[in-house]
Amino acid sequence: MLTDPDTSLPELRVDQRLFICSGTSWWEALEDIRTPREQQVFQGWDVDRHYRKGDWILTYLSTRPRVFLCWEQATQDATPTGKIWVDHDTSVLFSNLIVVDHIETRTGLTISSKRWFEGTEAQTIRHELTKELGYPRSWHGLDDIAGTGDGSVLNY
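Quick note: to get this note's numbering, add 1 to the position in the sequence shown (first position is 1).
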């Protein structure tokens with residue numbers, strides 16, 4: 002990793018776009034991130050297939066609430082097979098919990114799979130994510146951050 006994943010994200014240049022990807026089922030998506038298989042393409046990644054080499058991909062898990070998983074840069078244009086090639090040297094796997102709904106509220110943008118952003122909107126998402134990286138929230142604290150355990154949702 003070229004950046005400290007606890008405090009920063011790689012820069013988003015003017016000519017780069019930010020594509021939103023979701024991983025379903027979340028446990029299979031995590032397994033694919035941890036141990037990618039060259040021969041078998043995980044079909045649970047849902048992203049617009051028009052990204053190009055150099056664009057960024059922001060991935061969330063389709064959990065309740067939805068949580069961001071990683072920020073990665075494409076090393077090849079999108080493939081029709083669904084295989085996503087990324088630069089592991091610039092990838093940031095989020096070690097703390099960042100809830101998608103919170104970023105949506107702060108940016109006023111709808112973040113869902115197959116969407117993509119550029120310009121000010123993409124920079125705004127990146128800025129809000131970077132702010133969240135400074136908050137020490139463990140993935141184990143999901144109930145404390147997003148829910149009460151009885152089905153209701155907390156706001157912070």
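From the three backbone atoms N, C-alpha and C, an ideal C-beta is built for every residue, glycine too.
Taking all protein chains shown into account, decide if E1 is buried (16 or more other Cβ within 10 angstroms of its Cβ) or exposed. Residue numbering for the chain in the displayed model covers 2 to 157; residue 1 lies beyond these limits and cannot be assessed.
Whole angstroms are fine: how far does the CA of P81 sit from the CA of V93? Straight-line Cα distance between these residues: approximately 25 Å.
Once DSSP output is grouped into helix, strand and coil, what is the label at L155? With a pLDDT of 37 at L155, under the threshold of 50, the predicted position of this residue should be treated as unreliable, though the coordinate-derived value follows. Residue state for L155 is assigned as coil, using DSSP reduced to three classes.
Starting from I85, trace the alpha helix (DSSP H) both ways and give me its first and last residue. Annotation: I85 is outside any alpha helix (DSSP H) and is labelled neither H nor E by DSSP.
Please state the DSSP three-state secondary structure of A123. The answer is helix: DSSP assigns A123 an H, G or I state.
What are the boundary residues of the alpha helix (DSSP H) that includes L31? Taken as a continuous stretch (DSSP letters only), the alpha helix (DSSP H) holding L31 covers 27-35.
Collapsed DSSP secondary structure at T76 in the structure displayed: Here T76 sits in coil by DSSP.
Would you identify the three-state DSSP class for L134, choosing helix, strand or coil? Helix, per DSSP.
If the criterion is Cβ atoms closer than 8 Å, does the pair L10 and W117 meet it? The Cβ atoms of L10 and W117 lie no closer than 8 Å to each other.
Please state if the CB of I85 and the CB of W46 are separated by a distance shorter than 8 Å. Yes; because the gap between Cβ atoms is below 8 Å, this pair is in contact.
Output needed for L62: all residues of its chain with C-beta closer than 7 Å, excluding positions within five of it in sequence on either side, in chain order. For L62, the CB contacts under 7 Å within the same chain, skipping 5 residues up- and downstream, are G24, W27, A30, V68, L70 in chain order.
Beta-carbon within less than 6 Å of R50's beta-carbon, same chain only, minus the 5 sequence neighbours each way: which residues are those? Excluding positions up to five away in sequence, the list reads A79.
By how many angstroms is the C-alpha of L130 removed from the C-alpha of I34? One C-alpha to the other measures close to 20 Å.
Taking the alpha carbon of T125 as the point to measure from, which residue in T106, P37, K115 has its own alpha carbon closest? Of the listed residues, the one whose Cα sits closest to T125 is T106.
Taking its Cβ as the centre, do 16 or more other Cβ atoms sit within 10 Å of T64, making it buried, or is it exposed? Around the CB of T64, 16 or more other CB atoms lie within 10 Å, so the residue is classed as buried.
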